[in-house]
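Residue numbers (my numbering), protein chains in the order written: chain A, 7 to 124; chain B, 4 to 127.
We put the beta carbon where it would ideally sit given N, CA and C, even for glycine.
Encoded as C-alpha cells, the structure appears first; notes follow it.
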C-alpha cells in the first residue's frame, strides 16, 4: 500500500512538518528569551549566539515554515467553516503555494541581503 | 473525558490558529514598523516597560495560543500512532502538564521586572 504523492498529500505533510518545526522553535524561543530578558549581560551573551550566520539562515527557514503553515491553515479554515465544494481544494492549495513562494522569496531575499551585507 | 475533549479541541485548534494568524500580523507590524529600532537591551527594557500592553501582553497571548495550538498539533500526530485508550489518556495528561509548566515558565519570565540596563550580572 502506497501513498499517492499528489498535491493533497503534499499539503498535509508540509502542514505537519512545518507545525512540528514551529513547536520546536517555540521551545527554543522560550529558553532564549529567558536569557535575553535576564539583564544586559545575559542579553549580550544570547545575542552573540543569535548573530551567528548559521542562526540567521535558520531564521529564514522560520519565515518559510511560519508563512506556509499560516497560509495552509487558512485554506483548512475555509473548508472547515464554509460550504466550499471539494473541487476547489487543489486550486486553492495552488493559490496558497503561490502566495507562500512570493512572500518567502521576498522576505527571505531581504533577510539574505542583510546577512550577506556584513 | 477523551470524547468531550476531542470535540472541543477540534474547535479550539482552529480558533487558536486563526487568532495566531492575526497575532502574527500584529507582531510583524510591531517589530518592523511601530517603534522599530536596533535590537539592544535598552530597546527591550524601554518597550517592555513603557508599552506594557503592546509588548508583554502580546507575548503572553502568543505564548498561551501557540502552546495550546502546538501541543494540540503534536498530540494529533502522536495519536496517529496510538496503541490503546490508556495510551491516549496518558498522552493527554502528559501534554497538559508539559503545557502548564511551559506556560508558567514563560509567563513568569515575561511579567517579571526587567533588570535595569545599567545593572551587572544576569546569567543565561
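By the CB criterion at 8 Å, residue 46 of chain A and residue 120 of chain B fall inside the cutoff.
When rounded, the separation of the alpha-carbon atoms in residue 76 of chain B and residue 91 of chain A is 26 Å.
For residue 24 of chain B, the chain A residues whose Cβ falls inside 8 Å of its Cβ are 76, 79 and 80, in order along the chain. Between the beta-carbon of residue 40 of chain A and that of residue 121 of chain A there is about 25 Å, and that puts the pair past the 8 Å contact cut. Annotated three-state conformation of residue 52 of chain A is helix, per DSSP. For residue 94 of chain A, the secondary structure class from DSSP, reduced to helix, strand or coil, is helix. Counting along the chain, no alpha helix (DSSP H) covers residue 86 of chain B, and no H or E run does either. Separation of residue 12 of chain A and residue 112 of chain B (C-alpha to C-alpha, rounded to the nearest whole angstrom) is 45 Å.
With a threshold of 8 Å between beta carbons, residue 62 of chain A makes no contact with chain B.
The alpha helix (DSSP H) runs lying completely inside the stretch 16-55 of chain B and spanning 4 residues or more are 44-53, given in chain order.
Taking a cut-off of 8 Å for Cβ pairs, the stretch 37-47 of chain B and the stretch 95-113 of chain A do not touch, as fewer than three such pairs fall below it.
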